[in-house]
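Working notes for the structure below.
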Amino acid sequence: MSSLKFQNLFSEEEARELDRITIQNRGISAISLMGFAALSVFKTWENKFRSAKKIFILCGSGNNGGDGYALAQFLKAENLKVEIYSKSGNYSEETKYYKNITEELKIPTFPLDQFKENILHSEDVLVDCLLGTGFKGSLEGEIAKTVSEIKVSKEKLKESLFILSVDSVSGYSPDEKIPFEADALAEIGSPKIKNTFYPLSKDNKSFHPIGFLREEFQTKKVLLERASKDELVARLVREKDSHKYKNGSAVFVGGSEGMSGAILSSALAFQELGGGISQILTPSANTLIKVLKKDPSFMVSGLETSKKSSDYPFLKKASVACVGPGLAASDLPHFSFSKETTLIFDAGALKYLDEKHLGPRTILTPHLGEWSSIIGKKYESQYSALEDAKIWAKEKGTYLLLKGPVSILFTPEGNSYFWEFQEPKLAVMGTGDLLVGILTFFLSRGEDIIESVRLSQSLLLYCAEQCKGYPTAGRIRKKIRTLID
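When we follow the UniProt record's numbering, the leftmost residue of the sequence shown carries the number 1, and every step to the right adds one.
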């Protein structure tokens with residue numbers, strides 16, 4: 001746990017409180033913070049601004065609009081072509097301050113209701129400062145009309161129009177369809193939960209800390225940081241005096257008839273990473289044959305539901321048991337596991353899970369549909385499941401990894417760890433089996449559950465990125481060798 005790398009993540013309410021605390025405790029004015037934010041955004045996206053034919057800034061009446069006015073002054077100072085479309089309203093002191101500056105600089109400014117999609121052209125940049133992360137509900141009035149115009153413009157001009165949203169994509173809610181496709185998101189002050197779900201690659205998101213006291217603010221939500229290639233390579237090295245059990249021991253239970261690929265993917269990932277010894281328990285004779293044909297060195301045995309765990313001696317020796325890849329519900333064994341064994345329950349093992357197996361050494365790895373089956377409630381999105389999943393993991397005293405484009409690990413202590421790196425190459429059958437195989441490896445090497453999840457997600461992402469096109473899970477797995485060789 002000491003090596004865990006992360007940064008705190010904030011709800012909209014916590015972000016506002018953090019803003020207030022920073023101003024109060026550090027004596028930094030809201031005007032200064034807004035200026036810091038605008039300058040930071042300008043410097044980060046300077047090349048994009050300088051290459052634009054014209055920059056259009058859409059400013060709402062709140063402080064998000066104030067960020068837009070503050071940014072406009074820097075663009076004007078660099079002699080860049082900029083226009084503002086402004087929503088009227090009751091402005092805060094800091095927003096008034098920067099709006100007055102834009103008026104003094106004679107930056108062309110128009111009422112927001114005059115913004116039309118045909119104003120925008122190829123090679124323009126549109127800066128969205130309409131609504132902040134605190135917005136809730138449905139879009140209405142001129143804001144709704146403006147967002148609709150943005151959507152039409154983007155659909156028409158596609159990549160030739162670059163849209164940068166500041167702090168939030170206006171009108172976005174993780175429970176709804178995206179209002180329009182932003183090309184980039186500049187997040188101000190604190191990383192926010194809602195923004196982790198917006199479908200953008202990490203490279204197209206920028207974070208601008210501007211001096212907020214993030215580490216002094218108590219939050220139980222955390223963004224996991226990606227492990228570098230060098231860190232991954234270092235974690236895979238075997239010690240010179242190591243033996244097979246020291247290099248990781250595991251048992252994999254699954255591979256029912258017609259699903260041998262799932263258990264093979266998990267076990268092969270474990271072995272190719274450097275796992276020392278493993279056994280596959282499968283109810284399918286065909287899977288048993290396929291495993292031995294793939295690699296005769298595998299330990300593999302037939303699984304019979306009538307047998308007890310004592311009939312499988314290796315269960316007591318393995319430090320990790322991974323139950324579920326390719327496992328039919330009818331083949332689920334009624335095992336008792338040692339208290340020293342770390343347990344992973346995936347796929348077929350999830351729906352009929354015996355609660356006696358839940359505890360601080362157990363992790364469940366459902367996707368949203370499987371989670372809905374576990375709890376008996378339908379969810380439209382991961383975001384809508386967050387609170388229930390957090391409460392459930394805490395009540396059961398166990399770990400829950402809710403998989404998806406954004407994956408979230410919920411802990412027995414009530415903490416939530418978010419993995420925000422979205423990679424379309426991983427949206428293919430079999431990658432979940434790879435993930436639990438990789439997770440089994442790191443757990444068997446003695447890493448704790450939270451760190452094992454971070455390392456596993458990092459390694460799977462790295463392997464996917466090494467593949468061209470949209471690879472199969474098998475092609476992704478083979479890229480493990482690039483970390484070992």
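A virtual CB, placed ideally from N, CA and C, is assigned to each residue, including glycine.
{"Item": "Closest Cα partner of Tyr198 within the set Glu420, Phe442, Gln466, Ala464", "Value": "Glu420"}
{"Item": "Delimiting residues of the beta strand (DSSP E) encompassing Gly248", "Value": "No beta strand (DSSP E) holds Gly248; DSSP gives it neither H nor E."}
{"Item": "Assigned secondary structure, His357 (DSSP; H/G/I helix, E/B strand, else coil)", "Value": "helix"}
{"Item": "Spatial distance of Gly189 from Phe298 (CA atoms)", "Value": "52 Å"}
{"Item": "Runs of beta strand (DSSP E) lying entirely within the stretch 97-150, each at least 3 residues, in chain order", "Value": "109-111, 125-129"}
{"Item": "Extent of the continuous beta strand (DSSP E) to which Ala37 belongs", "Value": "First-last for Ala37: 30-44, but that is the alpha helix (DSSP H), not the beta strand (DSSP E)."}
{"Item": "Pairwise C-alpha distance: Cys322 and Lys316", "Value": "13 Å"}
{"Item": "Any alpha helix (DSSP H) of 4 or more consecutive residues that is wholly inside the stretch 312-355", "Value": "314-317"}
{"Item": "Boundaries (first-last residue) of the beta strand (DSSP E) holding Cys463", "Value": "Note, Cys463: premise wrong, no beta strand (DSSP E); alpha helix (DSSP H) at 449-465."}
{"Item": "Inter-stretch contact (C-beta, 8 Å, three-pair minimum) for the stretch 126-133 and the stretch 166-176", "Value": "yes"}
{"Item": "Three-pair Cβ contact test at 8 Å for the stretch 212-232 versus the stretch 11-18", "Value": "yes"}
{"Item": "contact_flag[the stretch 434-446, the stretch 263-279] where n(CB pairs < 8 Å) is 3 or more", "Value": "yes"}
{"Item": "Where Thr312 falls, given that 16 or more other Cβ within 10 Å makes a residue buried", "Value": "Before going on, a small fix: residue 312 reads as Tyr here, not Thr. By the neighbour-count rule (16 or more Cβ atoms within 10 Å), Tyr312 is buried."}
{"Item": "Burial state of Tyr352, where buried means 16 or more other Cβ atoms lie within 10 Å", "Value": "exposed"}
{"Item": "Neighbourhood of Gln7 by C-beta distance below 8 Å, restricted to the same chain and skipping five residues each side", "Value": "Pro191, Arg214, Val222, Leu223, Glu225"}
{"Item": "Per-residue burial, Leu343 [other beta carbons within 10 Å of its own, 16 or more giving buried]", "Value": "buried"}
{"Item": "Lys151 beta carbon less than 8 Å from that of Phe180", "Value": "yes"}
{"Item": "Cut-off 7 Å between Cβ atoms - residues of its own chain near Arg235, not counting five sequence neighbours on either side", "Value": "Leu455"}
{"Item": "For Thr362, the three-state DSSP class (helix, strand or coil)", "Value": "strand"}
{"Item": "Span separating the alpha-carbon of Val320 from that of Val251", "Value": "7 Å"}
{"Item": "CA-to-CA distance, Gly141 to Ala347, given in whole angstroms", "Value": "46 Å"}
{"Item": "Presumed contact (8 Å Cβ cut-off) between Val41 and Ala186, rounded CB distance", "Value": "5 Å"}
{"Item": "Per DSSP, cross-strand counterpart(s) of Leu55", "Value": "Going by the sequence as given, residue 55 is Ile instead of Leu. Paired residue(s): Val82, Val125."}
{"Item": "Rounded separation between Tyr97 and Leu105 - CA only", "Value": "13 Å"}
{"Item": "Gly65: first and last residue of the uninterrupted alpha helix (DSSP H) it sits in", "Value": "63-77"}
{"Item": "Leu112 vs Phe74 beta-carbon contact at 8 Å", "Value": "no"}
{"Item": "Euclidean distance between Cα positions of Gly255 and Glu413", "Value": "33 Å"}
{"Item": "Terminal residues of the beta strand (DSSP E) in which Thr282 lies", "Value": "277-282"}
{"Item": "Reduced DSSP secondary structure (H/G/I, E/B, other) of Glu225", "Value": "coil"}
{"Item": "Selected residue, minimal CA-CA separation from Ile408, among Ser384, His208, Met429", "Value": "Ser384"}
{"Item": "Chain-order list of residues whose beta-carbon lies under 8 Å from that of Ser32 (same chain, five-residue window excluded)", "Value": "none"}
{"Item": "Nearest residue (CA-CA) to Val147, options Glu159, Lys136, Leu161, Leu131", "Value": "Leu131"}
{"Item": "Same chain, Cβ closer than 6 Å to Gly134, five either side skipped, listed in chain order", "Value": "Glu12"}
{"Item": "Where Ser61 falls, given that 16 or more other Cβ within 10 Å makes a residue buried", "Value": "buried"}
{"Item": "For Val166, the three-state DSSP class (helix, strand or coil)", "Value": "strand"}
{"Item": "6 Å CB neighbourhood of Asp183 in its chain, flanking five on each side removed", "Value": "Phe162, Ile163"}
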